[in-house]
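Take the sequence shown: its position 142, counted from the start at 1, is 142 in full-length UniProt numbering, and no numbers get skipped. Glycine is no exception: its CB is placed at the ideal position from the N, C-alpha and C atoms. As the structure is a computational prediction, the values presented were derived from the model and not from experiment.
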Amino acid sequence: MTTSQPRWQYHLARERNYKEPAQLHLGRSQHYSNLNHGNLSRLPRLLSRQARPRSHLRRETHENGTDSGHLYHVTGNILMGMTYEHKRARRPEDSAESHEKRYIGRVKQSDYVRVESICRGIAVPGRQLDLKGRRLDPTRPVRRCGEWTADAIQDLRNQGVLTA
Numbered sequence: 001m002t003t004s005q006p007r008w009q010y011h012l013a014r015e016r017n018y019k020e021p022a023q024l025h026l027g028r029s030q031h032y033s034n035l036n037h038g039n040l041s042r043l044p045r046l047l048s049r050q051a052r053p054r055s056h057l058r059r060e061t062h063e064n065g066t067d068s069g070h071l072y073h074v075t076g077n078i079l080m081g082m083t084y085e086h087k088r089a090r091r092p093e094d095s096a097e098s099h100e101k102r103y104i105g106r107v108k109q110s111d112y113v114r115v116e117s118i119c120r121g122i123a124v125p126g127r128q129l130d131l132k133g134r135r136l137d138p139t140r141p142v143r144r145c146g147e148w149t150a151d152a153i154q155d156l157r158n159q160g161v162l163t164a
């Protein structure tokens, strides 16, 4: 392994008072993913939290210190629909939740630029419920942040950006 090929990791997390084991369960978790630039000791992560539903891809760039980076995520809910957002961010490990980690692959430094365009191209979950909580299209499965994150990882793999 070289430092020009950082790793992705998959993380599961629980809130401190949450009693059940954390799972990647469709629509129940908050997800983060982290692309690390440089030092392999600071591994990239996909995190899952049992809090507000939201998906994130996080890329550490170390532009403004060791904890600086970028978030690629969807925000919103299935009642109003979600939108894609990219912004600067600090590391998610500073949150109150604890995290478990599992390796899922690597991203070459030359592919960092492609992550934004791939994430932007993934369809975000739209409005799926009416104001009474009824599904707008009962024939289609509900698609939340967890599905968006899974699609992002799959597209990154399919396009050769995320490798084993």
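- Check the Cα spacing between R127 and each of R114, G81 and C145: the tightest is with G81.
- Counting along the chain, the unbroken beta strand (DSSP E) around R88 starts and ends at G81 to A89.
- The DSSP-derived three-state label of T139 is coil.
- In the three-state DSSP reduction, V161 falls in the coil class, being neither helix nor strand.
- Secondary structure note for V124: it is in no beta strand (DSSP E), with a DSSP letter that is neither H nor E.
- In the DSSP assignment, G69 falls within the beta strand (DSSP E) that extends over G69 to N77.
- Taking C-alpha positions only, R143 is separated from Y112 by approximately 27 Å.
- Counting the other CB atoms within 10 Å of its CB gives P125 a total of 16 or more, which places it among the buried residues.
- Between L162 and R90, the C-beta spacing is not below 9 Å.
- Judged by DSSP in its simplified three-state form, R134 adopts coil rather than helix or strand.
- Excluding its 5 nearest sequence neighbours in each direction, R120 has C-beta neighbours in its own chain below 7 Å: Y84, listed in chain order.
- Distances from the alpha-carbon of R135 to those of Y72, T75, L79 and H70 put L79 closest.
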